[in-house]
Each structure stands twice: as C-alpha cells, then as structure tokens.
Amino acid sequence: MRRAIFLQFLLGILACFSVFCANAEDAYRYYTWVVTEGIQAPLGVYQRVILINNQFPGPPIEAVTNDNMVINVINQLDEPFLITWHGIKQRRTSWQDGVLGTNCPIPPHSNWTYKFQMKDQIGTYMYYPSTLMHRAAGGFGAINIQQRSVISIPYPAPYGEFTVLVGDWYKAGDKALQKTLDSGLGLPLPDGLLINGVHQSYTFTGQKGKTYKFRITNVGISTSINFRIQGHPMTLIEVEGSHCLQEVYESIDIHAGQSVAVLVTLLASIKDYYIVASTRFTKPILTTTGILRYEGSNTPASLPLPIGPTYQVHWSMKQARTIRLNLTANAARPNPQGSFHYGSINVVRTLVLANEKVNINGKLRYAVNGISYVDPTTPLKLADWFNIPGVFTLNSTKDFPTSGPAVLGACVFGINLHDFVEIVFQNSEKTIQSWHLDGSSFYVVGYGSGEWTIDSRKSYNLADAISRHTVQVYPTSWTAIMVSFDNKGMWNLRSQLWPDRYLGKQLYLKVWDNEKSLFTEADIPPNALLCGKATNL
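Take a look at the structure:
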C-alpha cells in the first residue's frame, strides 16, 4: 500500500515537472544602451565616434539559442538613430529589424526598446547603425550566439574564444562622408583598417597547446579583407550560423558584412605572432596588424608578415566555392541541416537584379533594375500595416533588368509566404559588391564571370551550398542564391557597401499571405514609434 502511494506521489511530481518544463520560457537578457558621441583617434586623427555605453566598438552581445532579447536604446545623439541586427532572423516580426523601411528612427534624446528572440540560431553575427552614414562613425558590435547544451557541435570544444571585428575606417568622419555623397561625388579609398577599434597591435593572449575559436567579422563599409595569422593555419567551422566542412586555410577572404568562425591551435614556440588583415581588390592595399601572444611570451613578433593575395579575383572565387555546408552536423535545432534538400525544390520565381552606377539629376546614384531607392518619410511596414496609400507601389520594379534611364523610388517586391525563389545578382562594375538579406538565410548556389544566363544554372551547387545571409558578387560577374521565404514581414535586401546603399542600392521584399495569424506574423508592438503619414494613427 505504501509503495503504491509512493509511486502515485512520484508520478504526480514527474507530471508536474513535465508541465513546468513544457511551459517554461526561454531565458531573457536585458540591456540598456546609451548612445553618445565622443572624440577618439582610431587612425591618429581625433574625430567624432559613436559610443555605446562609452565603448568603441560597442559592447558584445553574448547569448544562447532561443534567448529573448530586451534592448533599451537611449539615443543621446542630436540626430535620429536606429540599430539593425545583422543576420538575426527575428521570426514573425520585422517590426524589430531596425531599418527605415520597418521602423521610425529613435528621435534625439529619447529611447526605444527592441524585443526579439534569437530563435533557432547559433553563430557569429553583428549589430550596427542603419541611419544616415552613422555606421562610418562606430556604433557597431558583435553578436555571439552559443548553442544550447543539448545540441552537440561538430568540432572539439575550444578552450576559449576571441571576437575579432575587422573593418575599414575613414579619418573624415561620418558627417563629412555624408556631405560628399550628398554633393553627388563618390568616396575615396578608406584611410586604414582597424581590429577591434585599434589600428595596430590589438593583442589576443592564449596558452600553448590550447585551441581557440576566433569569431571574425568584417564590419567595414567599403572593402573586402583577407585575414591570416602568422604561422597558424585556421580551420573554418562556421559561417554566419551554418556549420561548414572543416577546410584548413592559410588565409581567408571575408567580404563586407560577412562573419566566419575558425579554430586555431597554439602549437608554435612561445612568442608573439602577427595577425594580419589586408584589403582585397584595392590599389593600394591597406594593411593592419594585431598580435597573437602566447602566455609567458617575452619575444615580440618578427617580420616578414605572412603574405596574402592581392587582386586575384579567380583565387577568391575559387576559395569561395570550397566553403560548403556540413550535411552531417546539427544546426541550432536538433535536426540535420542537410535534411533541407534545397536542390530538389521547385523554384517558383527568378529575380535577376542588375545593379550599377547611374546619374540622376546630375548626381551619382546607384540603382537596381532601374530604381534608385529613397526611403519614404513613412516606413514601408507602417504604410502596409495601416493601408496608407501613396507610400509605395508593390511590384513596380521588373523581375529582370530593363533598358531606360534610372529613376528615384521605393522598390518593393511582393513575395508569397513560403515561396522558393532564385535571386541572381548581376555586377557590371569593375569593383566587388556585397549583398545582405534581412530576415532569412539563403543558399549560395553559384558564382560566375561575365553575364548570367539560364545555362549558368548548370554550374550550380545543388547539394551542399553554404547557407548564409551576406554574399559577395565579384567584379563583372554574377552570384546566384536560392531562398525559402518562410519569414513573413517587410525585409530589406541591401548593399553592404554603405556608400552604395546610402545612394540607392537597396530594395525591400514584402513576404506575405492573406492569413491574419499571430503564428505567422506578430502584431504591431505597443511601443511602436509612428512617423510620416502614420503619425496620428
């Protein structure tokens, strides 16, 4: 009798525990960020920089898969301001995207609180300002998302991690750069490169015999970089949230807006070694160095610096094709990434986006399929939600390039929810481009020289193409991606070269269906800022 009562009691406890676990929410992380301006000299010249909590770069976000983020941004600048979360998919809620197509900017000397979830994501990402040319002044930082403890990783757990933010920098400052662009002129080559906000000798210290994960992000606004560590090969393990085949590289190209994670084992003699970042496809080549220091080292790093590639486009394209998905590894969710057989899914629509320099009203602009994007005073998302006419016209831009002069406008493509779409970026310029898609990752299925044709599909990788959110397009070449649009909302597709984006190289994708459901899209948040034609709604 007593045993039966005990068993009933135990089963009751277990039942209660299971209900508790089923209803338990994922963790919340709360941040308060105060955005101010300060005076620093990253390249030896004092200039305005944008600080977050008095830090440049801004504080890193360290999170775990499915964490809920509550970030109160207090804008103490004298200008409207927004932060975008680069690579964070924000399931069902483009309201938190932090770009002018979805959010009203945070007015000067006021605040706004972002609320979003790191839903089913792991990996290396970043955040940065999306307004004006603020990104050229700072306000950026790292987002590092660890896997949950129940999810295995396809490589030995590293002894430690280092965050490496590499990017180009201008001495002129964001306001001067913006003035130059507004006058109709392009920008010159940047003045230098920074590693974690420092031009020379930023130091990472580790123990001999230990393996470290380096999370490397190109936070620059204009250039691709090549990254290498003197005497230390790098094993690539992750690209923007995707576990990849673990190829070993002496150096690796990282284009504007891209992130990678590599493993480095400290097996050399106890001393200091140079970490080198240099620009790609620029004349002259800009170079900066950091230091990998072995604990106990008394010997400084010695020349020569490890040699990297210079202008070789074919070298970079060939390397890019070696970055492939690890089909046997788990993703953030406990299911194999390779279970999504994208190569056997029917493509329902093809967009060929030709982007180029144009002249409109005597000034330099950039256009995509003949439309040079200009942000309306009313965010597209608000106009769509409240059915405000006269802000944008859906599908006013053609799916393929057309002849004729470019015009100013707000380009919005309508995409049906769950459509599987092929997008081809056609680059007719002699400079490299980089493109980013908010809200979704995509499979990079092909790179090629010259002009894309239907026959180019014969060269696609339809088995293990890497899934990422930012992709390069080589000079006078094309890049093809495939994407399942399963995230409802208004999403920005933009150039990651910030001067080009500022001058119109961007557009929006309205991913939608007729169903009104909180399971597919969240309602407008109670704290939403209203502006433009939506001010009094």
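According to mature numbering (1 follows the signal peptide of the UniProt record, and there is no 0), the sequence shown holds residues -24 to -1, 1 to 513 in order. Glycine included, every Cβ here is placed at the ideal spot set by N, Cα and C.
Inter-residue Cα distance where the pair is residue i and residue j
i, j, result
"serine 493", "leucine 393", "13 angstroms"
"leucine 262", "asparagine 335", "29 angstroms"
"asparagine 311", "alanine 382", "Confidence at asparagine 311 is low in this model, with a pLDDT of 45, below 50, so the placement of that residue should be treated as unreliable; the coordinate-derived value is given next. C-alpha separation (whole angstroms): 46 angstroms."
"methionine 293", "isoleucine 201", "14 angstroms"
"glycine 136", "serine 404", "43 angstroms"
"valine 449", "glutamine 409", "5 angstroms"
"isoleucine 321", "phenylalanine 461", "13 angstroms"
"tryptophan 454", "threonine 275", "47 angstroms"
"glutamine 183", "tyrosine 249", "13 angstroms"
"tyrosine 103", "asparagine 463", "20 angstroms"
"valine 238", "asparagine 48", "32 angstroms"
"glycine 233", "proline 35", "18 angstroms"
"glycine 338", "leucine 479", "13 angstroms"
"glycine 63", "phenylalanine 57", "19 angstroms"
"glycine 319", "methionine 45", "34 angstroms"
"leucine 505", "threonine 452", "42 angstroms"
"valine 142", "glutamate 491", "43 angstroms"
"glycine 207", "glutamate 13", "39 angstroms"
"glutamine 222", "leucine 473", "29 angstroms"
"serine 443", "leucine 303", "11 angstroms"
"residue 539", "glycine 266", "Since the displayed the chain opens at -24 and closes at 513, residue 539 lies outside it and no answer follows."
"tryptophan 428", "leucine 413", "20 angstroms"
"glutamine 402", "glutamine 288", "20 angstroms"
"tyrosine 4", "serine 432", "46 angstroms"
Proximity below 8 angstroms, CB of residue i to CB of residue j
i, j, result
"arginine 300", "alanine 441", "yes"
"valine 344", "leucine 483", "yes"
"proline 475", "leucine 169", "no"
"glycine 185", "leucine 108", "no"
"methionine 94", "threonine 8", "no"
"lysine 189", "proline 134", "yes"
"phenylalanine 396", "valine 447", "no"
"threonine 199", "aspartate 150", "no"
"serine 348", "leucine 384", "yes"
"isoleucine 171", "threonine 264", "yes"
"tryptophan 467", "serine 70", "yes"
"isoleucine 391", "valine 487", "yes"
"phenylalanine 92", "glutamine 122", "no"
"valine 140", "isoleucine 197", "no"
"aspartate 96", "aspartate 43", "no"
"alanine 296", "tyrosine 419", "no"
Residue from the options with nearest C-alpha to residue i
i, options, result
"serine 218", "Thr455, Gly465 and Ser416", "Ser416"
"isoleucine 246", "Leu268, His62 and Val252", "Leu268"
"phenylalanine 116", "Val25, Thr89, Asn306 and Pro83", "Val25"
"phenylalanine 368", "Tyr450, Leu485 and Lys294", "Leu485"
"proline 365", "Lys91, Ala510, Gly380 and Val195", "Ala510"
"glycine 284", "Asn274, Asp167, Ile50 and Arg204", "Arg204"
"arginine 68", "Asn503, Glu497, Leu505 and Leu513", "Glu497"
"leucine 161", "Tyr318, Gly266, Gly77 and Tyr342", "Tyr342"
"glutamine 176", "Gln31, Ile64 and Leu19", "Leu19"
"serine 125", "Asn306, His85, Gln23 and Trp291", "Asn306"
"lysine 155", "Ser227, Leu340 and Ala277", "Leu340"
"glycine 380", "Gly426, Tyr419 and Glu332", "Glu332"
"residue 517", "Met210, Ala359, Leu303 and Val75", "Limits of the chain in this structure are -24 at one end and 513 at the other, which puts residue 517 out of reach."
"lysine 374", "Trp361, Val388, Arg433 and Phe362", "Val388"
"cysteine 220", "Ala439, Phe495 and Ser86", "Ala439"
"glutamine 16", "Pro81, Ala113 and Ile82", "Ala113"
"isoleucine 98", "Phe138, Gln31 and Val236", "Val236"
"serine 106", "Phe362, Cys80, Asn120 and Val174", "Cys80"
"glycine 508", "Asn30, Thr179, Thr78 and Gln23", "Thr78"
Endpoints, alpha helix (DSSP H) assigned at residue i
i, result
"alanine 359", "356 to 361"
"aspartate 167", "Aspartate 167 -> no alpha helix (DSSP H), and no H or E assigned at all."
"tyrosine 478", "474 to 478"
"arginine 124", "That residue, arginine 124, is in no alpha helix (DSSP H); it is neither H nor E in DSSP."
"alanine 152", "150 to 158"
"lysine 294", "289 to 298"
Extent of the continuous beta strand (DSSP E) to which residue i belongs
i, result
"glutamine 52", "First-last for glutamine 52: undefined, no H or E at that position."
"tryptophan 71", "Neither: tryptophan 71 is in no beta strand (DSSP E) and is coded neither H nor E."
"residue 596", "Outside the modelled stretch of the chain, which goes from -24 to 513, sits residue 596, for which no answer is possible."
"tyrosine 349", "347 to 349"
"aspartate 144", "136 to 145"
Contact belief for residue i with residue j at Cβ below 8 angstroms, rounded distance in angstroms
i, j, result
"lysine 352", "alanine 386", "The displayed chain sequence assigns proline, not lysine, to residue 352. Contact flag correct, Cβ pair sits at about 5 angstroms."
"valine 11", "glutamine 52", "6 angstroms"
"aspartate 73", "threonine 60", "6 angstroms"
"proline 282", "valine 252", "6 angstroms"
"glutamate 214", "threonine 100", "6 angstroms"
"alanine 330", "proline 260", "Rounded, the Cβ-Cβ distance is 30 angstroms, inconsistent with contact."
"tryptophan 411", "leucine 358", "Incorrect: roughly 25 angstroms between the Cβ atoms, too far for contact."
"isoleucine 37", "asparagine 87", "Actually they do not touch by this definition, with Cβ atoms about 18 angstroms apart."
Cβ-heavy atom distance, residue i to the ligand SAM, below 7 angstroms
i, result
"arginine 444", "The ligand SAM is absent from the structure shown, which contains no ligands of any kind."
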